[in-house]
Amino acid sequence: MVSTDLILKFENTTEEPLLIIIDPPCTDYKLEPGQSLKLKIVDYKSCEDDVSNIIDVRYSTQNAINIDINYSFRLVVVINNEEEVIWGF
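Mapping of the sequence shown onto my numbering: residues 63 to 151, in sequence order.
The following block contains the structure:
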């Protein structure tokens with residue numbers, strides 16, 4: 063079966079903690095060195111609208127990444143092998 067989810071993986075390869083801020087819902091996650099986080103944008107391929115600008119990712123500081131989701135999708139974060147729905151319950 064073909065997945066309609068978009069999965070982004072972020073891994074902290076530095077020696078300092080890395081803050082990842084996801085908006086919506088403006089939730090932040092602190093990644094320790096070597097720790098990773100997966101962000102799943104559920105079922106984005108089946109959206110009828112043009113979602114070519116679905117996401118904006120940028121460094122806000124040296125140790126912080128902001129992720130803005132430009133459309134309303136169900137968002138799931140996987141960190142420490144635990145899955146959490148953070149938007150679109």
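The C-beta atom is built at its ideal place from N, Cα and C for all residues, glycine as well.
Proximal residues to ASN74 (C-beta, below 6 Å), its chain only, five neighbours per side dropped
Answer for ASN74: LEU80, LEU93, PRO95 and GLN97, listed in chain order.
Alpha-carbon spacing of SER65 relative to LYS107, whole angstroms:
Rounded to the nearest angstrom, the two C-alpha atoms are 9 Å apart.
For LYS71 and ASP112, what's the separation of their Cα atoms in angstroms?
Answer to the nearest angstrom: the Cα atoms are 23 Å apart.
If you follow the beta strand (DSSP E) that GLU77 is in, where does it begin and where does it stop?
Per DSSP, GLU77 belongs to no beta strand (DSSP E) and is neither H nor E.
Give every residue of the same chain whose Cβ lies closer than 6 Å to the Cβ of ILE83, excluding the five residues on either side of it in the sequence, and list them in chain order.
The residues ASP90 and ASN128, in chain order, have a CB closer than 6 Å to that of ILE83 in the same chain once the five nearest residues on each side in sequence are set aside.
Please report the straight-line C-alpha distance between PRO87 and VAL139, rounded to a whole angstrom.
Those two C-alpha atoms are separated by around 12 Å.
Give the range of the beta strand (DSSP E) segment to which ILE129 is assigned.
From DSSP, the beta strand (DSSP E) with ILE129 extends over 126-131.
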